[in-house]
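Enquirer: Residue numbers (this note's numbering): 81 to 372.
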Ligand SMILES: [Zn+2]
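#1: Which term fits residue 326, buried or exposed, when burial requires 16 or more other beta carbons within 10 angstroms of its beta carbon?
#2: Label residue 151 either buried or exposed according to how many other C-beta atoms from any shown protein chain fall within 10 Å of its C-beta, with 16 as the threshold for buried.
#3: Check whether the region 310–319 and the region 122–138 are in contact - that is, three or more C-beta pairs closer than 8 angstroms.
#4: Less than 8 angstroms between the CB atoms is what I'm expecting for residue 178 and residue 163, so what's the real figure, rounded?
#5: Terminal residues of the continuous beta strand (DSSP E) containing residue 201?
#6: Looking at ligand 1, does it come within less than 7 angstroms of residue 336, judged from the CB to the closest heavy atom?
#7: Distance, Cα to Cα, residue 358 vs residue 298?
#8: Using the Cα positions of residue 354 and residue 192, report the straight-line distance between them to the nearest angstrom.
#9: Under the rule that 16 or more other beta-carbon atoms within 10 Å means buried, what is residue 347, buried or exposed?
#10: Which residues in the same chain as residue 324 place their Cβ atom closer than 7 angstroms to its Cβ, once the five residues preceding and following it in sequence are excluded?
#11: Output the distance between the C-alpha atoms of residue 365 and residue 110, rounded to the nearest integer angstrom.
#12: How should residue 330 be labelled, buried or exposed, when 16 other C-beta atoms within 10 angstroms of its C-beta is the threshold for buried?
#13: Counting along the chain, where does the alpha helix (DSSP H) carrying residue 267 start and finish?
#14: Please list the terminal residues of the continuous alpha helix (DSSP H) segment that includes residue 321.
#15: Hey, would you say the C-beta of residue 165 is under 7 angstroms away from at least one heavy atom of ligand 1?
#16: Can you list, in chain order, the residues of its chain whose CB lies under 8 angstroms from that of residue 277, leaving out five sequence neighbours each side?
#17: Under a Cβ-count criterion, where at least 16 other Cβ atoms within 10 Å of its own Cβ denotes burial, should residue 247 be classed as buried or exposed?
#18: Would you give the residue range spanned by the alpha helix (DSSP H) that residue 189 belongs to?
#19: Could you work out which residue in 214, 256 and 134 is closest to residue 148 when comparing CA atoms only?
#20: Select from 243, 284, 372 and 222 the residue whose C-alpha is nearest the C-alpha of residue 319.
#21: Taking the straight line between their C-alpha atoms, what separation do you get for residue 173 and residue 219?
#22: Going along the chain, which residues of its own chain have a beta-carbon closer than 8 angstroms to the beta-carbon of residue 211, five neighbours each way excluded?
#23: Sort out for me which residues DSSP pairs residue 163 with in a bridge.
#24: Straight-line CA distance for residue 126 to residue 142?
#25: Compute the minimum distance between the beta carbon of residue 158 and the heavy atoms of ligand 1, and state whether it is under 7 angstroms.
#26: Spatial neighbours of residue 321 within its chain, please: CB distance less than 6 angstroms, with the 5 preceding and 5 following residues excluded, ordered by chain position.
#27: Around the Cβ of residue 214, are there at least 16 other Cβ atoms within 10 angstroms (buried) or fewer (exposed)?
#28: Sort 234, 252 and 176 by Cα distance to residue 199 and report the nearest one.
#29: Would you decide whether residue 339 is buried or exposed? Buried here means 16 or more other CB atoms lie within 10 Å of its CB.
#30: Can you give the beta carbon distance from residue 216 to residue 344, rounded, assuming they're within the 8 angstroms contact cut?
#31: Determine the contact status of residue 234 and residue 224, defining contact as a CB-CB distance below 8 angstroms.
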């Protein structure tokens, strides 16, 4: 009898311990659940935007921060459509200015979008997204925003893109920081290599500041990544149709000499094209901060 009573007591102690363990577990689990829910609330889900111009592999863009919130860009890659721009040669390959300028323009636009900017691509290719190739196939199917065929005549071609930019500018009621950035690749005698350089419209204080800030950002990057290389890119004024006729402040950038071997390296390697886009974007972010 005594024996069986103590047995019963032991059993009930085990039972209570079991129930207690269950209750504590449920409490801990729900507390952990609540903490997880709180954590989810404090980290907003990544904002993804889609830009089909970048092509299937790159069209989803994750917005990483809002450093360019409130800014708007009109990005123009030089030439396009029936006009390939400057043409360089590397071995048996032909390098066309419009294709390299376009790829770097798309990459720059993607960086701007990642930091919360709004971006219009004025020259657009419905088929070529961001490309990783060394040699970018030349095509003539680029159009001008929104989808206008690009004329061969230079004056008509430039007027078409100025009209597109100014129409977009006028239709935008939000105002704020709006800039037009145009990318080109120069062509000069083979012997001469040229660093990235910048033009702005004479008398434009905002143009001068943007060009100078981008230039200085590029110089800092070269000092950091290729110490001892030096950088001689400059900023100057030039009477260019695109700089004179666009209502938003505009900066015109020459990315290199399509005929020089060192400059060709800057263009043909995907990583180099991306680095240029990143560096230019950093300069733009800096200029945007200065504008506030
Ligand atoms: Zn050009």
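Virtual Cβ for every residue (Gly too), placed ideally from N, Cα, C.
As the structure is a prediction and not an experimental result, all values here were calculated from the model.
Expert: Straight from the coordinates:
#1: buried
#2: Around the Cβ of residue 151, a 10 Å sphere holds 16 or more other Cβ atoms; the residue is buried.
#3: Fewer than three pairs of CB atoms, one per stretch, sit closer than 8 angstroms, so the region 310–319 makes no contact with the region 122–138.
#4: 7 angstroms
#5: Note, residue 201: beta strand (DSSP E), 198–201.
#6: no
#7: 10 angstroms
#8: 13 angstroms
#9: buried
#10: 281
#11: 44 angstroms
#12: So residue 330 ends up on the buried side.
#13: From DSSP, residue 267 is part of no alpha helix (DSSP H); its letter is neither H nor E.
#14: Per DSSP, residue 321 belongs to the alpha helix (DSSP H) from 321–325.
#15: yes
#16: Hits under 8 angstroms: 295, 313, 314, 315, 316, 333 and 334.
#17: exposed
#18: First-last of the alpha helix (DSSP H) with residue 189: 177–194.
#19: 256
#20: 284
#21: In this model, residue 173 and residue 219 are separated by some 15 angstroms (Cα to Cα).
#22: 135, 183 and 350
#23: Looking at the DSSP output, residue 163 shares a beta bridge with 160.
#24: 7 angstroms
#25: yes
#26: 238
#27: exposed
#28: Comparing Cα positions, the closest option is 252.
#29: Counting Cβ neighbours within 10 Å, residue 339 comes out buried, since at least 16 surround it.
#30: Contact flag wrong, Cβ pair sits at about 12 angstroms.
#31: Cβ atoms of residue 234 and residue 224: not closer than 8 angstroms.
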